[in-house]
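Scroll down for the structure; my scribbles are underneath it.
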Amino acid sequence: MVNVLKRMRNLQPLFKIRHGEGAAILPPPPSPQLTRLSLQYDRKQWNKSTRPARIFQKDHLPRLKYHNPALPIRVEQGPSRLQLTFESADQHALREMERTSLERSNDGEYRETWTEIEAKSQPVEETTASTSSSLASPATSIFTRSVELRLGPHQPGSIWKWFQNTTKCEDFPENPEENEQMERLNEFFVKAEEDRQRVKAGMDAIRKQKEDLKRAREAAERMANEA
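Under the working numbering, the letters of the sequence shown match residues 127 to 353, in that order.
Next comes the structure, spelled out in structure tokens:
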């Protein structure tokens with residue numbers, strides 16, 4: 127029974143990392159691809175200013191990494207900021223990301239800075255129909271740019287909202303069957319805790335009765351000796 131309870135408890139962390147804010151899937155090509163995520167903040171300080179970044183690291187990033195295992199994520203010591211790097215063969219798509227982001231963030235809440243679009247050459251190998259060898263084709267231009275969000279007064283949920291808007295990621299779809307199973311599991315653990323407390327109360331009562339009986343016997347023996 128103990129092993130069964132242990133296995134059931136192990137399901138809770140898995141459910142929490144599969145679902146919740148941060149559990150999202152990045153868009154596939156030809157959309158611009160997020161190739162790097164870097165979160166920086168003063169990791170030596172534990173105060174109100176670093177709390178949003180810590181929560182974002184603890185809750186959001188593990189879920190994002192779970193659903194996008196190939197995404198490089200780095201958390202470093204430094205000034206509070208979140209930096210995203212994108213790559214695409216379409217310059218217009220990279221340029222459109224900034225325009226859309228600025229349109230949706232025109233309330234001034236998000237202080238973001240976009241870099242200029244840069245090109246980098248990447249050789250592509252193609253197999254020709256006439257030979258069995260692989261020949262390098264002319265370099266294909268891949269364009270890249272980054273955006274940096276300064277983590278000022280943002281709350282963790284606000285940081286995630288900006289991330290979703292910028293990357294166009296989609297929330298991981300809810301699974302009604304999994305939700306139902308987790309609800310039943312939570313109810314089971316609540317009942318198990320109630321049973322544990324009830325058993326503990328019974329054991330405490332028995333222990334108290336034994337102590338009271340022992341004291342009564344000792345008192346009776348003293349009275350008999352005095353007589």
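C-beta: ideal position from N, C-alpha, C; glycine also.
C-beta neighbour in chain B for asparagine 301, strict 8 angstroms: Judged by its chain identifiers, the structure shown contains no chain B, having just a single protein chain.
Inter-residue CB distance, leucine 160 and phenylalanine 182 (contact presumed, cutoff 8 angstroms): The C-beta distance from leucine 160 to phenylalanine 182 rounds to 16 angstroms, too long to fall under 8 angstroms, and the pair is not in contact.
Status (buried if at least 16 other CB within 10 Å, exposed otherwise) for glycine 328: By the Cβ-count criterion, glycine 328 is exposed, with fewer than 16 other Cβ atoms from all chains shown falling within 10 Å of its own Cβ.
For arginine 162 and arginine 239, believed in contact at Cβ under 8 angstroms, the rounded distance: It should be noted that the sequence gives threonine, not arginine, for residue 239. Under the criterion of beta carbons closer than 8 angstroms, threonine 239 and arginine 162 do not qualify as touching, at roughly 16 angstroms.
Where threonine 226 falls, given that 16 or more other Cβ within 10 Å makes a residue buried: Counting Cβ neighbours within 10 Å, threonine 226 comes out exposed, since fewer than 16 surround it.
Residue range of the beta strand (DSSP E) that includes threonine 266: Looking at the DSSP string, the run of the beta strand (DSSP E) that includes threonine 266 is 266 to 276.
Three-state class that DSSP yields for phenylalanine 182 in the structure shown: Note: phenylalanine 182 maps to helix in three-state DSSP.
Isoleucine 285 - containing alpha helix (DSSP H), residue span: In the DSSP assignment, isoleucine 285 falls within the alpha helix (DSSP H) that extends over 282 to 293.
Straight-line Cα distance separating aspartate 185 from isoleucine 285: Approximately 12 angstroms between the Cα atoms of the pair.
CB contact flag (arginine 221, arginine 276, <8 angstroms): Between arginine 221 and arginine 276, the C-beta gap is not smaller than 8 angstroms, which leaves the two residues out of contact.
Whole-angstrom distance between proline 195 and glutamine 354, CA atom to CA atom: Not covered by the structure: residue 354. The range shown for the chain is 127 to 353.
Residue range of the alpha helix (DSSP H) that includes arginine 207: That residue, arginine 207, is in no alpha helix (DSSP H); its beta strand (DSSP E) goes 207 to 214.
Closest by C-alpha distance to threonine 270, when choosing among Glu224, Ala215, Phe298 and Glu300: Proximity to threonine 270 across Glu224, Ala215, Phe298 and Glu300 peaks at Ala215, based on C-alpha coordinates.
Status (buried if at least 16 other CB within 10 Å, exposed otherwise) for threonine 266: Threonine 266 comes out exposed.
Of the residues Pro139, Ala149, Glu319 and Ile332, the one placed nearest proline 299, counting alpha carbons only: When each option's Cα is compared against that of proline 299, the closest is Ala149.
Identified DSSP bridge partners for leucine 165: Bridge partners of leucine 165: Val201 and Leu208.
DSSP three-state assignment for lysine 317, whether helix, strand or coil: If DSSP states are grouped into helix, strand and coil, lysine 317 belongs with the helices.
Helix, strand or coil at lysine 174 [DSSP, three-state]: Lysine 174: coil per DSSP, three-state reduction.
C-beta atoms of proline 153 and lysine 294 nearer than 8 angstroms: Yes, they are a contact pair.
Alanine 245 (DSSP reduced to helix, strand or coil): In the structure shown, alanine 245 sits in a strand (DSSP, three-state: E or B).
Environment of leucine 190 [buried if 16+ CB atoms lie within 10 Å]: Classification of leucine 190: buried, given that the 10 Å Cβ count is 16 or more.
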